[in-house]
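Undergrad: Numbering (the numbering used here), first residue to last: 1 to 795.
Backbone N, C-alpha and C fix where the C-beta goes; we use that ideal spot for every residue, glycine too.
These figures come from a predicted structure and were not determined experimentally.
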């Protein structure tokens, strides 16, 4: 049966109390991902490790029923591989990433939002004489606020809590950062009560990345080199924290989301959501005090401060962070960059889903134009509203451009394929076994033939490869030097490499180099990215085999064999990528890089050249790329023949051997390793506007009131938004799954039945818990019944 991996990348916007709606969305994403993982385990598909003994929720079972129905003709696995969030969205992104990385429940986080996200819990009331005096003027404040806010505070609970807030300290942030951090630590501790070593919803050999935006109030100076003057210095206030988890081997997770990493995750949540004026700025020292009061350790404190925050211990007393939405409220860019080359274990469908609780309304062009803003309104919009509502059009157009480039790449490869295939068939035998050593020779012959036929275009191609390796090497050297505390600069190290590279390129003027030339030895020892491109190109070819395996009488060769071979190739890509990681190298290499960074400050010279040559030689030796080449040749020659039908295996070998022909055509234009699955990234939005199955025209979240602080003033409003977050997300996620299923999806009548089953399961779960508004769930059940009757009548 054909298998597809539906890979989701999630972006959570900021939105103050609309965090509660977004938490409902994250609950539903987790339910779908866990249902998919548990189903994979149940039917014997390897690669994930959910906690199977945990009792599944009714909603999880309903999602499994949906996937089982689609599974009659198509096996879909749902995976989240990247999450980004700012402000309130950052808090939800952090908790969802923890839950996915270690298969943890989010119930404790639900309690955090419903109980503690309230002004009576967050605010610090003013006691004593000042509080008494403020209470005396509360009737006047009531009348003034009522006139301004009108229908936003008709509810008695909201009115009372506004009065309580007005009696908090004036001219200081009313909400307590310490309390918020403590609740987040409690929620994480409750999640970790369910922690089981090795449990994860991340597929084997795959990665989950989380990005959280912060605003560094003071900022850091960034030096930018220009022509004249030699450089300028700019203040950079944006911080982008990255957390990472990798499921390397079965039941072993390399993770930044485990119990030992909770303090830095909670600090990130506290800092990204420190809305100016509501919370005081976040500091590391405040986090230290909270942890000390609880007697909790912070195991990775020093590494987090130096690596992620780029601070030194002496900086902590005067550095603080405010809401991430100030500099990046809609963090698309890091997710787009991450998923561009993110591998999948099987044929893949990619979706970028962003959560926007209050999408901007398009104004009626016939409506009367608003008056020009006054003095205070202009200042308020400039400082608060406009920075938090930057358009996402540029990011979405970037995805559209990448999709066009992917289609162009596929067309270019298809056009070149007949010519390359003809050339490679002269090199690779058409029958019989192929030994790994022979495959190595065939590759070398094909590479030489490709280079000879390229003519003068080869010079540009080889120069690009050398430039790319230089950039990679300089970045690696900077990372190595920083492990020793050296503040190395990449531009300086590139200057050191420039003279070295100019010597290598001299021989290229006479045409393609010979086997023993220095430039060939350099690239053979250090050109990691060429190998990555070659393997990704082979994986692209493997992806085209799914239909052939299913439709050309290869029943004895399950598509799972293609998946198995792809997984082996991705392991090799992982090995190659690891060569650019400073953690791969030991102390002697770090020492050499530190010495080079030290002498580089004086500019390129004889001493730096000697150290550079020694460091390059050591990196060549430690990377061991020729050994990996031999291992990969063995995989293609032996394992490929074992797992794939012979016709498909030989087709794959020709693509692998002839890759140099394709690389000569595509690298000068792409200038990247973009030989991934060449699949389009489709974009979906989750918001009350899009999920209209139950919410009608004019529907509005309660938390949108009071400038998006509304849900902090009313428990019933929080329950309303949380439940609608779950329902909206379920509606949209079902549509995403069905769109990936294509022709294998159920018909309209069965689809409605499956959708209703999931809606009913959500209401069943929440009925005993959401009690602030007794009419909430009964009214939704009635709406669902009416909707079903209308659908049946139309059917």
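Taking C-alpha atoms, which residue in 22, 16 and 33 lies nearest to residue 7?
TA: Of 22, 16 and 33, the residue nearest in Cα terms is 33.
Undergrad: First and last residue of the alpha helix (DSSP H) that includes residue 7?
TA: Premise fails: residue 7 lies in the beta strand (DSSP E), 3-12, not in any alpha helix (DSSP H).
Undergrad: Can you say whether residue 251 is buried or exposed, counting buried as having 16 or more other CB atoms within 10 angstroms of its CB?
TA: Flag for residue 251 reads exposed.
Undergrad: What does the alpha-carbon distance come out to for the pair residue 280 and residue 722?
TA: If you take the alpha carbons of residue 280 and residue 722, they lie about 26 Å apart.
Undergrad: Identify, in the order they occur along the chain, each residue of the same chain with its Cβ nearer than 7 Å to the Cβ of residue 659, setting aside the five sequence neighbours on each side.
TA: 534 and 537
Undergrad: Return the chain-ordered list of same chain residues with a C-beta closer than 8 Å to the C-beta of residue 416, the five sequence neighbours on each side being excluded.
TA: 661, 662 and 665
Undergrad: Which residues does DSSP list as the beta-bridge partners of residue 276?
TA: 279
Undergrad: Between residue 569 and residue 542, is the Cβ-Cβ spacing less than 9 Å?
TA: yes
Undergrad: Please confirm if the segment 44-51 is in contact with the segment 193-208, defined as three or more CB-CB distances below 8 Å between the two stretches.
TA: yes
Undergrad: With DSSP as the reference, label residue 347 as helix, strand or coil.
TA: Residue state for residue 347 is assigned as coil, using DSSP reduced to three classes.
Undergrad: Which runs of the beta strand (DSSP E) spanning at least 3 residues fall entirely within the segment 610-696, listed in chain order?
TA: 681-686
Undergrad: Does DSSP put residue 267 in a helix, in a strand, or in coil?
TA: helix
Undergrad: Take every Cβ of the segment 242-261, pair it with every Cβ of the segment 203-217, and state whether three or more of those distances are shorter than 8 Å.
TA: Contact between the segment 242-261 and the segment 203-217 is established, with three or more Cβ pairs separated by less than 8 Å.
Undergrad: Let me know the secondary structure DSSP gives residue 435 once reduced to three states.
TA: coil
Undergrad: Got a sec, what are the start and stop residues for the alpha helix (DSSP H) residue 708 sits in?
TA: 705-708
Undergrad: So for residue 16, helix, strand or coil by DSSP?
TA: helix
Undergrad: For residue 35 versus residue 74, is the C-beta spacing smaller than 9 Å?
TA: Not in contact: residue 35 and residue 74 (Cβ atoms no closer than 9 Å).
Undergrad: Is it the case that the Cβ atoms of residue 736 and residue 684 are separated by a distance below 9 Å?
TA: Note that the C-beta distance between residue 736 and residue 684 is below 9 Å.
Undergrad: According to the Cβ coordinates, are residue 481 and residue 594 closer than 9 Å?
TA: yes
Undergrad: Please confirm whether any heavy atom of the ligand PLP lies closer than 8 Å to the CB of residue 247.
TA: Of the ligands one can find in the structure shown there are none, so the ligand PLP has no counterpart to examine.
Undergrad: Between which two residues does the alpha helix (DSSP H) carrying residue 734 extend?
TA: In this chain, the alpha helix (DSSP H) harbouring residue 734 covers 715-741.
Undergrad: When we look at the beta-carbon of residue 747 and count the other beta-carbons within 10 Å, is it buried (16 or more) or exposed?
TA: exposed
Undergrad: Rounded to whole angstroms, what's the CA-CA distance from residue 40 to residue 77? Just pull it up for me.
TA: Those two C-alpha atoms are separated by around 7 Å.
Undergrad: By alpha-carbon positions, which one of 772, 768 and 731 ends up nearest to residue 752?
TA: 731
Undergrad: Reducing DSSP to helix, strand and coil, say where residue 298 ends up.
TA: coil
Undergrad: Excluding the 5 residues flanking residue 758 on each side, which residues of the same chain have their C-beta closer than 8 Å to its C-beta?
TA: 59, 62, 63, 66, 730 and 734
Undergrad: Would the beta-carbon of residue 772 fall within 9 Å of that of residue 715?
TA: yes
Undergrad: Considering only residues of the same chain and omitting the five flanking positions on each side of residue 304, which have a CB-CB separation below 7 Å?
TA: Same-chain partners within the cutoff: 264.
Undergrad: In the DSSP assignment, the alpha helix (DSSP H) including residue 583 goes from what residue to what residue?
TA: Careful: residue 583 lies outside any alpha helix (DSSP H) and carries neither H nor E.
Undergrad: Can you look up residue 310 in the DSSP assignment and give me helix, strand or coil?
TA: coil
Undergrad: Just the C-alpha distance for residue 565 and residue 702, rounded to the nearest angstrom, thanks.
TA: 51 Å
Undergrad: Is it true that the segment 81-89 meets the segment 272-286, where meeting means three or more beta-carbon pairs spaced less than 8 Å apart?
TA: yes
Undergrad: Three or more beta-carbon pairs under 8 Å between the segment 108-125 and the segment 283-295, yes or no?
TA: no
Undergrad: If we call anything under 9 Å between Cβ atoms a contact, is residue 709 one with residue 16?
TA: yes
Undergrad: Is the beta carbon of residue 271 less than 9 Å from the beta carbon of residue 352?
TA: no
Undergrad: Any idea if residue 295 is buried or exposed, counting beta-carbon neighbours within 10 angstroms, 16 or more meaning buried?
TA: exposed
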